[in-house]
Amino acid sequence: MTSLRLRRPDDWHLHLRDGAMLEAVLPETARHFARAIIMPNLVPPVVRGSDAAAYRDRILAALPEGADFTPLMTLYLTEETDARDVAAAHASGLITAVKLYPAGATTNSASGVTDFDRVRGVLETMAEIGLPLCIHGEVTDPQVDIFDREQVFLDTVLDPLRRATPGLTVTLEHVTTSHGIDYVADADGKIAGTITTHHLMINRNHILAGGIRPHYYCLPVAKRNTHQQALRRAATSGNPRFFLGTDSAPHTDPNKESACGCAGCFTATNTLSCLAHVFEEENALDQLEGFASLHGPAHYGLPPNTDMITLTKQATPVTYPAKLETGDGPVTLFDPGHPLYWAVT
Ligand SMILES: NC(=O)N[C@@H](CC(=O)O)C(=O)O
Ligand SMILES: [Zn+2]
Ligand SMILES: [Zn+2]
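Using full-length UniProt numbering, the letters of the sequence shown map in sequence onto residues 1 to 345.
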C-alpha cells in the first residue's frame, strides 16, 4: 500500500505552552490535526473557567490565517477547585475535560493533587454531568522506582478512585506499560487510554544505551521493550479504548540538554509520518484511522471529523527540519532514529 486516506485526525493530549512558544508550535499541530485536548500545565496553571477562556483566546489569536483547528480546553484540578466553576465551564461548552496531576509527578505539576479525598466532590460532580477526567497516572512517592510508578498508580490510586466515583469517564493518559494497557482493556465502565507517538517508537534503551539522549526523556519515562510491544499491539488492535494523544511537549534545547533536563518529546511536526511507519511495521495500516481519528471522538462523545487527509509512501525519505526555531529558543523535533517514508500530501 502506498496511499492511505483517513478522516482528519485529532490529538487527545497536547502541550501548546504560551507566548512565543505557543506561536511557534501551534501551526505544527494545526497543519494536520483538526482538534486537540490542550493541557493546562502552564505557569501558573489553567485552574478556573476564566483562565481557560483567556487561554483559548490566546490560542485562537495565535492560529495561522485560514487554519481550521479547534482547541479543546481543560482545567487543572487542584485541591481548591470549585465544583460549581467546573460545572459552569462545562455547561457553557468551554471545557472538554479536567486534568488530574498527582502533585509533583511531572512538568509544572506542583499545584496538583496530594489528598485525593479533597477532590472527591469535584469528581462526583464530573460523573453527574458527564465531564471526563484525564489522568497523569504515576505515583510520586520517592520510594517507588520511576519505572514502576505507573503500575503502582493503577492499584493504589486509579482503581480506588474509579470505584469511589462510579460513572466517571476516565482517560488514562500516555500509557507506557503493559499493566496500564491491561487495566484499560479489562476495566468495567467508561475508560480509555491514550498512547503517544514516541512511546510507540522508543523504549528505555533508546534513552540510555550508547549515550544519554535527553530528547527521548519524557514522563512517564519509556519502559523496557516488552512494554513498548504491548503499546504497539494495543494501538494497532482496533480496540476503541486506545487512541492517539501525542503528548507533544516542547522544551527549548538548553532546557533539555542540561544537567537536569526537562521531560517531554516534541512530536507535533512528524507524528503522522511516525504513526504510519509504526502501523505499517505492524501490518496494521487499516487500523490507523481508528487510532488517530475515530476512537478519540467516540470516547469524548464528539463527532469524528468529516474532512479527509491522504498519507503517501514516498520512494525517498521525508525530511523535516531538525529544530523548530521559537522566540524562546530552538526546540528539537523528535527523531525516531531511522528514515520515515510516509508524508501527508
Ligand atoms: N510528558 C512530558 O514528559 N512532559 C509534559 C508533562 C506531562 O505530560 O506529563 C510537559 O508538560 O512537558
Ligand atoms: Zn503527563
Ligand atoms: Zn503531557
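Heads up, the beta-carbon is just placed ideally off N, CA and C, and yes, glycines get one too.
{"Item": "Given this structure, state the Cα-to-Cα distance separating L42 from R163, to the nearest angstrom.", "Value": "30 Å"}
{"Item": "Would K99 count as contacting chain D if we go by Cβ distances under 8 Å?", "Value": "Within the model displayed, chain D is absent; a lone protein chain is all it includes."}
{"Item": "Ordered along the chain, which non-local residues of its own chain (more than five positions away) have a Cβ less than 7 Å from that of T2?", "Value": "T312 and K313"}
{"Item": "Could you check whether the Cβ of D247 sits closer than 7 Å to any heavy atom belonging to ligand 3?", "Value": "yes"}
{"Item": "May I ask whether a heavy atom of ligand 2 can be found less than 7 Å away from the beta carbon of T319?", "Value": "no"}
{"Item": "I need the straight-line Cα distance from G167 to A89, nearest angstrom please.", "Value": "20 Å"}
{"Item": "Find out if the Cβ-Cβ distance for the pair T332, K256 is shorter than 8 Å.", "Value": "yes"}
{"Item": "With a threshold of 16 other CB atoms inside 10 Å of the CB of L60, please say whether the residue is buried or exposed.", "Value": "exposed"}
{"Item": "In chain order, what residues of the same chain lie with their CB nearer than 6 Å to the CB of V318, ignoring the 5 residues before and after it?", "Value": "S273, L340 and A343"}
{"Item": "To the nearest angstrom, how far is the alpha carbon of L275 from that of S92?", "Value": "35 Å"}
{"Item": "Hey, is M39 close to ligand 3, as in C-beta under 7 Å from one of its heavy atoms?", "Value": "yes"}
{"Item": "Comparing C-alpha positions only, which one of T140, L77 and R149 sits nearest to L131?", "Value": "L77"}
{"Item": "I'd like to confirm something about L219: is its beta-carbon nearer than 7 Å to some heavy atom of ligand 2, or not?", "Value": "yes"}
{"Item": "Is there at least one non-hydrogen atom of ligand 2 closer than 7 Å to the beta-carbon of T140?", "Value": "no"}
{"Item": "With a CB to CB cut of under 8 Å and the five nearest residues on each side skipped, what residues in its chain are close to L100?", "Value": "L77, G112, V113, V119, L133, C134, I135 and H136"}
{"Item": "According to the neighbour-count rule (16 or more other Cβ atoms, all chains shown, within 10 Å of its Cβ), is I212 buried or exposed?", "Value": "exposed"}
{"Item": "Can you tell me the Cα-Cα spacing of E173 and T106, whole angstroms?", "Value": "13 Å"}
{"Item": "Can you round the beta-carbon distance between T236 and A284 to whole angstroms, since I take them to be within the 8 Å contact cut?", "Value": "4 Å"}
{"Item": "Ligand 1 and T74: does the residue's C-beta get closer than 7 Å to at least one heavy atom of that ligand?", "Value": "no"}
{"Item": "The alpha helix (DSSP H) with H15 in it runs from where to where?", "Value": "Taken as a continuous stretch (DSSP letters only), H15 belongs to no alpha helix (DSSP H), as it is neither H nor E."}
{"Item": "Should T306 be labelled buried (16 or more other beta-carbon atoms within 10 Å of its own) or exposed?", "Value": "exposed"}
{"Item": "Rounded to whole angstroms, what's the CA-CA distance from E325 to A24? Just pull it up for me.", "Value": "7 Å"}
{"Item": "Give me whichever residues DSSP pairs with P330 in a beta bridge.", "Value": "E325"}
{"Item": "State the Cα-Cα distance for the pair R232 and E282, rounded to the nearest angstrom.", "Value": "8 Å"}
{"Item": "Can you look up S178 in the DSSP assignment and give me helix, strand or coil?", "Value": "helix"}
{"Item": "What do you reckon, is the C-beta of N205 under 7 Å from a heavy atom of ligand 1?", "Value": "no"}
{"Item": "Confirm the yes/no value for this check: CB of A263, any heavy atom of ligand 1, distance under 7 Å.", "Value": "yes"}
{"Item": "At a threshold of 7 Å, does E173 count as lining ligand 2 (C-beta to nearest heavy atom)?", "Value": "yes"}
{"Item": "Compare the beta carbon distance of T267 and T156 with 8 Å and say whether it is the shorter of the two.", "Value": "no"}
{"Item": "For P27, I'd like the list of residues in its chain whose CB is within less than 6 Å of its CB, leaving aside the five on either flank, ordered along the chain.", "Value": "P64"}
{"Item": "What residue does the beta strand (DSSP E) around I309 start on, and which one ends it?", "Value": "M308 to K313"}
{"Item": "Should P321 go down as buried or exposed, given a rule of 16 or more other Cβ atoms within 10 Å for buried?", "Value": "exposed"}
{"Item": "Are the CB atoms of G264 and H32 nearer to each other than 8 Å?", "Value": "no"}
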